[in-house]
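Asks: Per the numbering used here, the very first residue in the sequence shown carries number -5; after that it's consecutive.
C-beta: ideal position from N, C-alpha, C; glycine also.
Have a look at this one.
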Amino acid sequence: MRFVLVHGSGAGGWCWDALAPLLRARGHEVHAPSLSGLEDPATGLERHVEDVVAVLEEHDLRGVQLVGHSYGGMPITGAAERVPERLARLVYLDASVPRDGECMLDTRPDLRDSLAAQASGGLIPPLDPWFAGVETEEQARLLRERLTTTPLRCYEDRLSLKSAAAARIPRSFIWCTRSGYGPTAARARAEGWDVHQLDAPHMAMLTAPEEVASLLLEIAERPAREP
């Protein structure tokens, strides 16, 4: 199987370093790109959609399990609109799930005011590691060293979701129960999605990589069920 893992706000492909080898060790192909332009206030969501599409096209990937964490749910949704024929499933790991016309801040109204208020010069500063969701000081130190800014535009740009082919792609949601994505998980469940729970904080790829890897494989091996 082929996995493309897309990180969240201010992070990079490095945040999958503990998880990706577990999938590769089981014989699966894994790509974990870093989204570009995170320190440029002019960067918007479309640039990150293009980053994801570029990985799929440059490696000619098909039958892909496209996984997005947190903000990563936005660009994977946009990529599905562009190249639905390359995707076997979308997996939202504690991630934003936009509806047509929504931006990332619409998916987390509880954070709208606080995130926008933090922005300076069009950039949201790196998240506090403990707010981001870690369990140990070592994990917190990694985030302090590696997290960068996120352009506010990425949170405010809206997605237009019109593709019937994209709408037919099976979708799964993994809710890390020690996070703020409970309402998103409930909405996904109400809409008939395949929803899983994981007793972990938000940065589960760091805190519970074995559990996340096993769950991704379990999801990938299930019969496809259209939303």
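Please list, in chain order, all residues of the same chain as residue 43 whose beta carbon is under 6 Å from its beta carbon, the five residues on each side excluded.
Replies: By 1-based counting over the sequence shown, the position of residue 43 is 49. Within the same chain, residue 43 has close Cβ partners 69, 72, 73.
Asks: Quick check on DSSP: helix, strand or coil for residue 170?
Replies: In the sequence shown, the residue the question calls residue 170 occupies position 176. The answer is strand: DSSP assigns residue 170 an E or B state.
Asks: Keeping to the same chain, check which residues put their C-beta closer than 7 Å to that of residue 182; ignore five residues upstream and five downstream.
Replies: Numbered from its first residue, the sequence shown carries residue 182 at position 188. Closer than 7 Å at Cβ, skipping near neighbours: 91, 167, 189.
Asks: Are there 16 or more other CB atoms within 10 angstroms of the CB of residue 27, so buried, or fewer, so exposed?
Replies: Here residue 27 refers to the residue found at position 33 when the sequence shown is read from its first residue. So residue 27 ends up on the buried side.
Asks: Would you tell me roughly how many angstroms separate the C-alpha atoms of residue 180 and residue 144, rounded to the nearest one?
Replies: Counting from one through the sequence shown, the residue named residue 180 turns up at place 186. Counting from one through the sequence shown, the residue named residue 144 turns up at place 150. The alpha-carbon atoms of residue 180 and residue 144 are separated by roughly 27 Å.
Asks: What's the gap between the Cα of residue 89 and the Cα of residue 38?
Replies: As a position in the sequence shown, residue 89 is number 95, starting the count at 1. As a position in the sequence shown, residue 38 is number 44, starting the count at 1. So the two alpha carbons sit approximately 18 Å from each other.
Asks: Please go through the same chain and pick out, in chain order, the residues whose beta-carbon is closer than 8 Å to the beta-carbon of residue 172, but skip the five residues on each side of it.
Replies: If you number the sequence shown from 1, residue 172 lands on position 178. For residue 172, where only same-chain residues beyond five positions count, the Cβ hits under 8 Å are 127, 193, 194, 195, 196.
Asks: By DSSP's criteria, residue 191 is part of a beta bridge. Which residues make up the other side?
Replies: As a position in the sequence shown, residue 191 is number 197, starting the count at 1. Per DSSP, 169.
Asks: Go to residue 82, then tell me how far its beta strand (DSSP E) extends in each direction, as first and last residue.
Replies: Start at 1 with the first residue of the sequence shown, and residue 82 comes out as number 88. 81 to 87 is the span of the beta strand (DSSP E), which, as asked, contains residue 82.
Asks: Might you give, ordered along the chain, the residues of its own chain that have their beta carbon closer than 7 Å to the beta carbon of residue 137, omitting 5 neighbours on each side?
Replies: As a first step, residue 137 is located in the sequence shown; it is residue number 143 there, counting from the start. Within the same chain, residue 137 has close Cβ partners 123, 126, 128.
Asks: Taking residue -2 and residue 66 to be in contact with their CB atoms under 8 Å, please state how far apart those CB atoms are, rounded to whole angstroms.
Replies: Residue -2 sits at position 4 when you count from the first residue of the sequence shown. Residue 66 sits at position 72 when you count from the first residue of the sequence shown. Rounded, the Cβ-Cβ distance is 10 Å, inconsistent with contact.
Asks: Under 8 Å: do the stretch 201 to 208 and the stretch 7 to 20 share three or more Cβ pairs, one atom per stretch?
Replies: yes
Asks: Short of 8 Å in beta carbon distance, which residues of its chain neighbour residue 117, apart from the five on each side in sequence? Order them along the chain.
Replies: For the purposes of this step, residue 117 is taken as the residue at position 123 of the sequence shown. 33, 35, 143, 144, 145, 146.
Asks: If we call anything under 8 Å between Cβ atoms a contact, is residue 98 one with residue 148?
Replies: Start at 1 with the first residue of the sequence shown, and residue 98 comes out as number 104. Start at 1 with the first residue of the sequence shown, and residue 148 comes out as number 154. Yes, they are a contact pair.
Asks: Is the stretch 74 to 83 in contact with the stretch 103 to 114, if contact means three or more CB pairs nearer than 8 Å?
Replies: no
Asks: Between residue 214 and residue 113, what straight-line distance do the alpha-carbon atoms span, to the nearest angstrom?
Replies: The residue given as residue 214 occupies position 220 in the sequence shown. The residue given as residue 113 occupies position 119 in the sequence shown. Straight-line Cα distance between these residues: approximately 37 Å.
Asks: Contact check, residue 60 vs residue 45 under 8 Å by CB: the rounded distance?
Replies: Your numbering for residue 60 matches position 66 in the sequence shown. Your numbering for residue 45 matches position 51 in the sequence shown. That belief does not hold up - the Cβ atoms of residue 60 and residue 45 are roughly 12 Å apart, past 8 Å.
Asks: Let's test the definition: count the other Cβ atoms within 10 Å of the Cβ of residue 130 and tell me whether it reaches 16, buried, or not, exposed.
Replies: In the sequence shown, counting from the first residue as 1, residue 130 sits at position 136. Burial call: exposed.
Asks: Hey, out of 191, 4, 96, whose CA is closest to residue 174's CA?
Replies: The sequence position of residue 174 within the sequence shown is 180, counting from 1. When each option's Cα is compared against that of residue 174, the closest is 191.
Asks: Spatial neighbours of residue 56 within its chain, please: CB distance less than 6 Å, with the 5 preceding and 5 following residues excluded, ordered by chain position.
Replies: The residue you call residue 56 lines up with position 62 of the sequence shown. 80, listed in sequence order.
Asks: Please list the segments of the beta strand (DSSP E) lying wholly inside the stretch 70 to 143, counting only runs of 3 or more residues, in order along the chain.
Replies: 81 to 87
Asks: Taking the C-alpha atoms as reference points, what is the distance between residue 133 and residue 216?
Replies: Here residue 133 corresponds to residue number 139 of the sequence shown, with the count starting at 1. Here residue 216 corresponds to residue number 222 of the sequence shown, with the count starting at 1. So the alpha carbons of these two residues sit roughly 32 Å apart.
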